[in-house]
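Enquirer: Residue numbers (this note's numbering): 1 to 328. Right, I'll just put the structure down here and ask away after.
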Ligand code: C5P
């Protein structure tokens, strides 16, 4: 029965016209993610890597403001962020226009706060929110699974940001299955991003992962589901396979992890391929004390965040809980 419901909802057709009535300027939040767990299972024939990861949305966010406009324009106050076709927001808009044969434009403004690059999925989050926001602005009917398909073409993390909360990512990280919220209430964390960056393709290449041979997708999913079941609030069984490689490429990131632990974190772990490291603390006071210590490192950015549940995520994006498709 549960399976049938899952299947039915995965074919759920979402009518933007009914759900999104606004025509004026509106702003949507674009939340960051951390990876509570990230295992790289091997290299695939298409050159990508088979992943088993657990995503979690957190309160650190950018804002995207959408306005009707004849042309497609992206603006951003941060001059390090490209506003041309290199930006995933523009690519998302172009893909939508191409797919649905639209000629309308939009003026989109990006208020950037998520460090980029930083292993926090900022660009992918922006792309997913652009898809949702433009569907609303342009008021067209779209099929949710089509949106996921477009998301996958934009980047492996994009489909996750069409759902948010806690979720399992397999395949390239783009096959998403929802999980129960890792933390029942917002769990407080610190994220620290040093002023160095790691190119994701270079990090994957340095891993030198073995070719996948006999692990069928079904058994991989089983392995990943097993890992998700053992995930506890302290992340005692969690790991990020990028850590050794990334700490070798940029020792400063390893120093962030050590410093977080020496400042009282009960657990500290790299997010994605870095450079951000997130940390858990026993209580709010020790988290606040650590933040004060860490801010003394002038080149490090320190963020106090809390987890965002799937329900909160979808409410913030006005998606309604219908968007809680069981398997995208
Ligand atoms: O999809 P995304 O833009 O995040 O991927 C960036 C790069 O990371 C890819 O072009 C690929 O080189 C590498 N990658 C990979 N295996 C994955 C995801 C990404 O090798 N599962």
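Cβ atoms here follow ideal geometry from the backbone N, Cα and C, with glycine treated the same way. As the structure is a prediction and not an experimental result, all values here were calculated from the model.
Look at the alpha carbon of residue 40 and the alpha carbon of residue 160, and state the distance between them as a whole number of angstroms.
Expert: Position 40 of the chain shown, counted from the first residue, corresponds to residue 40. Position 160 of the chain shown, counted from the first residue, corresponds to residue 160. Residue 40 and residue 160: Cα-Cα distance of roughly 18 Å.
Enquirer: Look up residue 52 in the DSSP assignment and say whether it is helix, strand or coil.
Expert: Translated into positions along the chain shown, residue 52 becomes position 52. Residue 52 falls in the strand class under three-state DSSP.
Enquirer: Beta-carbon separation of residue 209 and residue 117 under 9 Å?
Expert: The residue given as residue 209 occupies position 209 in the chain shown. The residue given as residue 117 occupies position 117 in the chain shown. Residue 117 is positioned such that its CB atom lies no closer than 9 Å to that of residue 209.
Enquirer: Using three-state DSSP, classify residue 114 as helix, strand or coil.
Expert: Your numbering for residue 114 matches position 114 in the chain shown. Annotated three-state conformation of residue 114 is coil, per DSSP.
Enquirer: Just list the beta strand (DSSP E) runs in the segment 61-94, keeping only unbroken ones of 3 residues or longer that don't cross its boundaries, in chain order.
Expert: 72-76
Enquirer: Go through its chain and collect everything with a Cβ distance to residue 112's Cβ below 8 Å, but skip five positions before and after it.
Expert: What you label residue 112 is simply residue 112 of the chain shown in a count that begins at 1. These residues qualify, in order along the chain: 62, 76, 77, 78, 81, 122.
Enquirer: I'd like to confirm the pairing. Which residues does DSSP put opposite residue 58 in its beta bridges?
Expert: Here the question's residue 58 lines up with position 58 in the chain shown. DSSP lists 32, 307 as partners of residue 58.
Enquirer: Given the structure, does residue 266 come close to the ligand C5P, in the sense that its CB is under 8 Å from one of the ligand's heavy atoms?
Expert: Counting from one through the chain shown, the residue named residue 266 turns up at place 266. Not so, every heavy atom of the ligand C5P lies at least 8 Å from the Cβ.
Enquirer: Consult DSSP for residue 165 and reduce its assignment to one of helix, strand or coil.
Expert: Counting from 1 along the chain shown, the entry for residue 165 is found at position 165. If DSSP states are grouped into helix, strand and coil, residue 165 belongs with coil.
Enquirer: Which residue or residues does DSSP assign as beta-bridge partners of residue 279?
Expert: Taking the chain shown and counting its residues from 1, one reaches residue 279 at position 279. 190, 268, per the DSSP bridge assignment.
Enquirer: How would you label residue 299, buried or exposed, when you count the other beta carbons within 10 angstroms and need 16 or more for buried?
Expert: One-based indexing of the chain shown puts residue 299 at position 299. By the 10 Å Cβ count, residue 299 comes out exposed.
Enquirer: Where does residue 177 fall in DSSP's three states?
Expert: Mapped onto the chain shown, residue 177 falls at position 177. Reduced to three states, the DSSP call for residue 177 is strand.
Enquirer: Does any heavy atom of the ligand C5P sit closer than 8 Å to the C-beta of residue 39?
Expert: Position 39 of the chain shown, counted from the first residue, corresponds to residue 39. Result no, Cβ not under 8 Å from the ligand C5P.
Enquirer: By Cβ distance, which residues of its chain are closer than 6 Å to residue 147, with the 5 residues on each side in sequence left out?
Expert: Residue 147 sits at position 147 when you count from the first residue of the chain shown. Cβ within range, chain order: 131.
Enquirer: So which of 290, 92, 120, 136 has the shortest CA-CA distance to residue 68?
Expert: If you number the chain shown from 1, residue 68 lands on position 68. Minimum Cα distance to residue 68 is reached at 136.
Enquirer: Roughly how many whole angstroms lie between the Cα atoms of residue 266 and residue 293?
Expert: Against the chain shown, residue 266 aligns to sequence position 266. Against the chain shown, residue 293 aligns to sequence position 293. Between residue 266 and residue 293, the C-alpha separation is close to 16 Å.
Enquirer: Is the beta carbon of residue 203 sitting closer than 9 Å to the one on residue 140?
Expert: If you number the chain shown from 1, residue 203 lands on position 203. If you number the chain shown from 1, residue 140 lands on position 140. Not closer than 9 Å, so no.
Enquirer: Examine the ligand C5P and report whether any of its heavy atoms sits within less than 8 Å of the Cβ of residue 172.
Expert: Here residue 172 refers to the residue found at position 172 when the chain shown is read from its first residue. Yes, since a heavy atom of the ligand C5P falls inside the 8 Å radius drawn around the Cβ of residue 172.
Enquirer: Can the beta-carbon of residue 128 be found less than 9 Å from the beta-carbon of residue 162?
Expert: Translated into positions along the chain shown, residue 128 becomes position 128. Translated into positions along the chain shown, residue 162 becomes position 162. For residue 128 and residue 162, yes; Cβs fall inside 9 Å.
Enquirer: Pull up the DSSP beta-bridge partners for residue 106, would you.
Expert: Position 106 of the chain shown, counted from the first residue, corresponds to residue 106. Partner(s): 68, 72.
Enquirer: Taking the C-alpha atoms as reference points, what is the distance between residue 220 and residue 231?
Expert: Here residue 220 corresponds to residue number 220 of the chain shown, with the count starting at 1. Here residue 231 corresponds to residue number 231 of the chain shown, with the count starting at 1. Taking the straight line joining both Cα atoms gives about 17 Å.
Enquirer: Given the structure, does residue 226 come close to the ligand C5P, in the sense that its CB is under 8 Å from one of the ligand's heavy atoms?
Expert: For the purposes of this step, residue 226 is taken as residue 226 along the chain shown, with counting starting at 1. No - the ligand C5P has no heavy atom lying nearer than 8 Å to the Cβ of residue 226.
Enquirer: Tell me whether residue 84 is buried or exposed, calling it buried when 16 or more other Cβ atoms sit within 10 Å of its Cβ.
Expert: Along the chain shown, read from residue 1 onward, the residue named residue 84 stands at position 84. Exposed: under 16 other Cβ atoms inside 10 Å.
Enquirer: For residue 201, verify whether its CB is less than 8 Å away from any heavy atom of the ligand C5P.
Expert: By 1-based counting over the chain shown, the position of residue 201 is 201. Residue 201: yes, Cβ under 8 Å from the ligand C5P.
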